[in-house]
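Chains as they are written, first to last, in the numbering used here: chain B, 1 to 329; chain Y, 1001 to 1329.
A virtual CB, placed ideally from N, CA and C, is assigned to each residue, including glycine.
A quick note: this is a predicted structure, and the numbers were derived from the prediction, not measured.
Okay, so here's the structure we're looking at.
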């Protein structure tokens, strides 16, 4: 019998997609950052759920407050990528019996503060006992169907852009595995791990600008996100430049790692990866308030992501932060 | 430090309610079966999430198909109690690496079949690795705020009613703990455990009848549900009769249990517990298609639930199926 390790997270997702099928109600189904169902007059109800699990998503040293906050950030980030403001959220908890009252209080405050940070209320939920800490958030918003920025809208000639620098989360996790007592540099990198930020206002502004054609967040890694845009839009992406966080470059040099690997394949970073109409790049830059870095161009041909060096392509692999397969991440 | 075992599930919920507070957007907040936020023109978005956890909610002998189905039923049951048809759902999974591909396929089919049974699509989700099987469902519906049947609407003089007989789930679980190889009787009882039914059509019809004033599902136990209606409505409830499943009576007699305890304090049964306007009882009966059993009357005084015997009250305890406190259920 095939195990989950052989099947991988994306194998599981394929089975679910196949069995659950597509509904005529679904305005956006599986295979995008959010789901959406038709509401009325061209409006859709935008739905998002993402689960944080203690044994895989909470690295050593992360507090309950930070874990709760991270669970909210991961959900908000996907709404941000679609340009949708969360209207309200639910929280479903699985709590190990070993937790204390103080853990619960810090978790509740982490949930409250992060929901407040992104401007929506958590209005209900469910509490359960579990052997593995579980914080499952569901978010809801309402949007005009035509204004949702999907993964599938990239066109040949569009500019590929991102809203930040990459690598610090993967470098931080690497530092964490290396040393019990983090160096000053590792401490800086760990900020990205413990206190991630979702780009909600940037995402809303970019969507409102009318300048962007496709969008995804980078939570599964930059390489994976680029491949997803290419797959969904049926285009190729030539990457000219990958913005790498400076501390990540330092850390990689110091310990003999490849900074580019951290930046491309790390994951759990919550930047936006977008494509921009080439005649509206300045508008997109203004909307992103100076955060935007142009990294490549959408090109013709079978879906793939590559660097161009002289006349040959160097492929960027389609891999990222997949559950089940990479146990040690 | 206070542990979760001392705090109990309802202690955890109190902390969450206190820290998360009430939002002006929330049309219905914590403390009811569902949450709701204002949408427009008197309409609300109705939100529900409920998590199934392998170690506490999946008894021995339950298949992956049945576990997936149960996770859907538990959510639909709460929507049924409010008279709201689910429009769409999300599913968030935490999967132990020990599962096989076949487990995933059966789970996916269980999700599909149960969603179909209750007439809504599962349109998206999230997949994670976890040490404890976790199926977290979130459901959404749209309703007229004024037509939502809350826990708080019971008035003195209303008739208390339920949509089924109680006890078989608790008796079935008791039988399961007793014998590895279940008797014919236990086998019958286990149907309620393995294949629970949500009363969606009955709940929708009851709400549409205009005859009912308050409603809750009985998933935390009949006694708990009655206490919740009493608490939320600030009334007392005199119970004259508890409909107990016939096989439960037989099983209890055979093994020296109290059938009434199974019926009152068992939980994980998905009947509706409602209060009915006394002038509209016949209308409610028709709406429930013959399922309705009248069990008592709403009375004045401090919130409590009791049997009347001659001149004295015998209190029905406020206890049910609470996580953390009762490890062995």
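Same chain, Cβ closer than 6 Å to residue 1171 of chain Y, five either side skipped, listed in chain order: 1189, 1248, 1251 and 1262
Residue 1050 of chain Y in three-state terms, based on DSSP: strand
Write down the C-beta distance between residue 51 of chain B and residue 1089 of chain Y rounded to the nearest angstrom, noting that I regard them as a contact closer than 8 Å. Actually they do not touch by this definition, with Cβ atoms about 15 Å apart.
Can you list, in chain order, the residues of its chain whose CB lies under 7 Å from that of residue 327 of chain B, leaving out five sequence neighbours each side? Interpretation of residue 327 of chain B is limited by its pLDDT of 38, a score under 50 that renders its predicted location unreliable; no figure is taken from the coordinates.
Between residue 1292 of chain Y and the rest of its own chain, which residues show a CB-CB distance below 7 Å, the 5 nearest in sequence each way excluded? 1161, 1163, 1284 and 1285
N-terminal and C-terminal residue of the beta strand (DSSP E) that residue 1127 of chain Y is part of: Its beta strand (DSSP E) spans residues 1122 to 1129.
Would you verify that the beta carbon of residue 267 of chain B is, or is not, closer than 7 Å to some beta carbon of chain Y? no
Please report whether the beta-carbon of residue 1165 of chain Y lies at a distance below 7 Å from any beta-carbon of chain B. By this cut-off, residue 1165 of chain Y is not an interface position.
How many angstroms separate the CA atom of residue 1086 of chain Y from the CA atom of residue 125 of chain B? 17 Å
Check the Cβ of residue 374 of chain B against every Cβ in chain Y and list those closer than 7 Å, keeping chain order. Outside the modelled stretch of chain B, which goes from 1 to 329, sits residue 374 of chain B, for which no answer is possible.
Report the neighbours of residue 1001 of chain Y on chain D: residues whose CB is nearer than 7 Å to its CB, in chain order. Judged by its chain identifiers, the structure shown contains no chain D, and its protein chains are B and Y.
Could you tell me whether the Cβ of residue 225 of chain B comes closer than 7 Å to any Cβ of chain Y? Between residue 225 of chain B and chain Y, the shortest Cβ-Cβ separation is not below 7 Å.
Check the Cβ of residue 50 of chain B against every Cβ in chain Y and list those closer than 8 Å, keeping chain order. 1092 and 1126
Looking at the unbroken alpha helix (DSSP H) that takes in residue 1186 of chain Y, where does it start and where does it end? 1184 to 1194
C-beta contact flag for residue 1255 of chain Y and residue 1077 of chain Y at 7 Å: no
Out of B/202, B/294 and B/197, which one is the CA nearest neighbour of residue 237 of chain B? Of the candidates B/202, B/294 and B/197, the one whose C-alpha sits nearest the C-alpha of residue 237 of chain B is B/294.
Give the straight-line distance between the Cα atoms of residue 98 of chain B and residue 155 of chain B, rounded to the nearest whole angstrom. 52 Å
Count the other CB atoms, across all protein chains shown, that sit within 10 Å of the CB of residue 1253 of chain Y; report buried if there are 16 or more and exposed otherwise. exposed
Using a Cβ-Cβ distance under 7 Å, would residue 68 of chain B count as near chain Y? no
Using a C-beta to C-beta distance shorter than 8 Å, which residues of chain Y count as neighbours of residue 330 of chain B? No answer is possible for residue 330 of chain B: the residues shown for chain B start at 1 and end at 329.
Among B/129, B/20, B/55 and B/135, which residue has its Cα nearest to the Cα of residue 1106 of chain Y? B/20
Within 7 Å of any Cβ in chain Y, is that where the Cβ of residue 63 of chain B sits? no
Ordered list of alpha helix (DSSP H) runs contained in the stretch 1051 to 1103 of chain Y, each at least 4 residues: Correct list: 1054 to 1057 and 1064 to 1082.
Cβ-Cβ separation, residue 272 of chain B to residue 202 of chain B (assumed contact under 8 Å), whole Å: The Cβ separation is near 7 Å, so the contact holds.
Looking only at DSSP bridge pairs, what is residue 26 of chain B linked to? B/37
Residue 19 of chain B at chain Y interface by Cβ criterion, 7 Å: yes
Give the DSSP-derived three-state secondary structure of residue 163 of chain B in the structure shown. coil
Would you tell me roughly how many angstroms separate the C-alpha atoms of residue 1059 of chain Y and residue 7 of chain B, rounded to the nearest one? In a straight line, the C-alpha of residue 1059 of chain Y is about 26 Å away from that of residue 7 of chain B.
Could you pull the start and end residues of the beta strand (DSSP E) that residue 304 of chain B belongs to? 304 to 309
Quick one, are the C-beta atoms of residue 169 of chain B and residue 246 of chain B less than 7 Å apart? no
Closest to residue 1013 of chain Y by C-alpha separation, out of B/296, B/49 and B/123, would be which residue? Each of B/296, B/49 and B/123 was checked against the Cα of residue 1013 of chain Y, and the nearest Cα belongs to B/123.
Same chain, Cβ closer than 6 Å to residue 1329 of chain Y, neighbours up to 5 away in sequence not counted: Only weak support exists for where residue 1329 of chain Y lies, its pLDDT of 31 falling under 50; the value from the coordinates is given anyway. Nothing listed; no residue qualifies.
Just the C-alpha distance for residue 279 of chain B and residue 1018 of chain Y, rounded to the nearest angstrom, thanks. 50 Å
Is any beta-carbon of chain Y found at less than 7 Å from that of residue 13 of chain B? yes
Given a cut-off of 7 Å on the beta-carbon distance, is the pair residue 316 of chain B and residue 305 of chain B in contact? yes
Roughly how far, in whole angstroms, is the beta-carbon of residue 49 of chain B from the beta-carbon of residue 1129 of chain Y, given that I think they are within contact range, below 8 Å? Contact flag wrong, Cβ pair sits at about 16 Å.
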